[in-house]
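Shown next, in structure tokens, is the structure this report addresses.
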Amino acid sequence: MDRKTPAFGLRVGKRRKTWIVLKEPNRTKIRLGHYPDLKLAEARRRAFVALGTPVGEKEISIEFEQAKLVFIEENYKGKAKRTKSETLRLLNRLQFKCTLADLDDAAIEHELGKFADAPSEQLHAFRALRTMLRWCTRPPHRYIKRSPLEGYPAPGRDKKRSRILNDDELRKIWRACEGFFGDMIRLIILWGCRNGEIGRLQRTWREGRVLTIPGEFTKNGRAHAIPILPMARAILDRQEKMGDNWRDKSTDYFFPGHIKGTHFNDGSWGKLKKELDKRSGVTGWQVRDLRRTFRSTLARLGVFREIAEIMLNHVSGGGKTDLDEIYDRYDYLSDKRGALQKLEAHLKRVTSR
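Every position in the sequence shown, counted from 1, becomes a number in our numbering once 9 is added.
Structure below.
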């Protein structure tokens, strides 16, 4: 029988396999269809219908948690792992203990209200939930007839940030960096990567003097090759040798999480960043502002716009097509290395004042 739906399973006969569901109170056997003509997802959907209330009285009685798992697995097939994991992280913070059909405004307001102190996170959680509920109204599942979020106003809007840290602020932050989190911040300053990319860095991605982030871990799905220069090399070497007591010493992650086999917890950035603010005395900035500062600094150092955009792994950088990207990925390594040499020299001057 199925672990997610105990009353649902596959009966294997001599000639064919049949999807069945056992309905209480008398454990009546209901045949849903034959395998492989009837796929698992549709068979499970029919099982939920059979186990629910009479057709027409109410929508399918599928729990929010069950629908969430099906949504994540099916909607994100072939998509970047980072996108899938980030959506799951946001949805996991919404603790709806009810069926989709019973999801109402009060429950939604209560769960989204937990993000009141983090408006950006609240907006992203709302969007993840909205995407999931819209998906639940579409075939082949149609768990609900309409989304409970239909007509529900989004909690705020994205605010385009323009914060760029000056050299004095960068110096204070750099000097205040301690331990593994400090090294993560320093790598963002040095490479301009997104924090999610740094938190997932793996040792196998490092080959000689280049570290390549696979496309499945980047926002735009394109691999990003980064030349490793002395300041960054010192950080990577240090992390390989650290072996703190809490770390899984056999992990492939440069920055592993507390749970064996996991990467750095995405939910820990905020707390550790607050501690960094106290040590540095620099406030009013976000980790993502370091990426914008990286781009601005490259411009100040005279790096060509095309190369600066490629350094950020922007799809538009250089106007490259997918075919160009495949053939030319490593042709820009010398340009990237030259840009990073300028940046590291600049940071050495700034941090040594």
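Using N, Cα and C, we set each Cβ at its ideal position, and we do this for glycine too. Model, not experiment: these values are computed from the prediction.
query	result
Find the nearest neighbour of Glu51 within the set Trp28, Gly279, Thr37, Lys283, judged by alpha-carbon distance.	Trp28
For Ile71 versus Leu109, is the C-beta distance shorter than 8 Å?	yes
Is the distance from the Cβ of Ile182 to the Cβ of Leu245 below 8 Å?	no
Hey, out of His43, Gln248, Gly205, Leu352, whose CA is closest to Phe226's CA?	Gly205
Quick one: Cα of Arg209 to Cα of His272, how far?	6 Å
Going by DSSP in three states, Thr27 sits in which element: helix, strand or coil?	strand
Once you ignore the five residues that flank Thr221 on each side, which residues in its own chain have a CB closer than 6 Å to its CB?	Trp214, Ala232, Ala234
Give the secondary structure of Arg136 by DSSP, where H, G and I count as helix, E and B as strand, and everything else as coil.	helix
Roughly how many whole angstroms lie between the Cα atoms of Cys107 and Trp144?	18 Å
Hey, could you find the ends of the alpha helix (DSSP H) Ala241 is sitting in?	239 to 251
What is the DSSP secondary structure of Phe17, counted as helix, strand or coil?	strand
Considering just the uninterrupted stretch of the beta strand (DSSP E) at Lys38, what are its terminal residues?	37 to 44
So Arg362 and Arg180 are supposed to be a Cβ contact under 8 Å. How far apart are they, rounded?	6 Å
Could you give the distance in angstroms between the alpha-carbon of Val30 and the alpha-carbon of Arg102?	32 Å
For Asp192, count the other beta carbons within 10 Å of its own beta carbon; 16 or more makes it buried, fewer makes it exposed. Which is it?	buried
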